[in-house]
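Here the structure comes first, spelled out in structure tokens, and everything after it is commentary.
In the numbering used here, the protein residues as written are 97 to 226.
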């Protein structure tokens, strides 16, 4: 939202489908938040099909293609950006990255668990492409 409001981006693509038992897609929740924060609906692009990082990026690529956008600013948790950037590059997406300034992982235990998970997922992706 700060990047949009500062003019670094003209649009926001929100990705993420329905989690287990969720009534609303992750991207819909994000869209509602953007609207409450003063982002105009015309600046939002929402997809509700993806359920993981690679699918988020594939769906974002479809939106970018239909809008004829050549690049995107990829925003994510700092611990997640390395894997997301690698996947975006492998999908031939031109992305510039910006880490969020805060993380939902506050405690050392939560950060350690997430970081270990990202380490394993990143290396799994390198070896399997999934």
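Ideal Cβ placement from N, Cα and C applies to all residues, glycine included. If you're wondering where the values come from, they're calculated on a predicted model, not measured in any experiment.
| Check | Outcome |
| --- | --- |
| To test your reading of the DSSP string, which unbroken beta strand (DSSP E) runs of 3 or more residues are found completely within the stretch 135-221? | 140-142, 167-172 and 190-195 |
| Does the contact criterion of 3 or more C-beta pairs under 8 Å hold for the stretch 132-144 versus the stretch 182-194? | no |
| Excluding five sequence neighbours on each side, which residues of the same chain lie with their C-beta closer than 6 Å to the C-beta of residue 189? | 157 |
| At which residues does the alpha helix (DSSP H) containing residue 225 begin and terminate? | Run containing residue 225: none; DSSP gives neither H nor E here. |
| Going by DSSP, which residues form a beta bridge with residue 109? | 141 |
| From residue 216 to residue 176, what distance separates their C-alpha atoms? | 12 Å |
| Would you identify the three-state DSSP class for residue 114, choosing helix, strand or coil? | coil |
| Are the CB atoms of residue 111 and residue 155 nearer to each other than 7 Å? | yes |
| What does the alpha-carbon distance come out to for the pair residue 167 and residue 207? | 30 Å |
| First and last residue of the alpha helix (DSSP H) that includes residue 126? | 122-132 |
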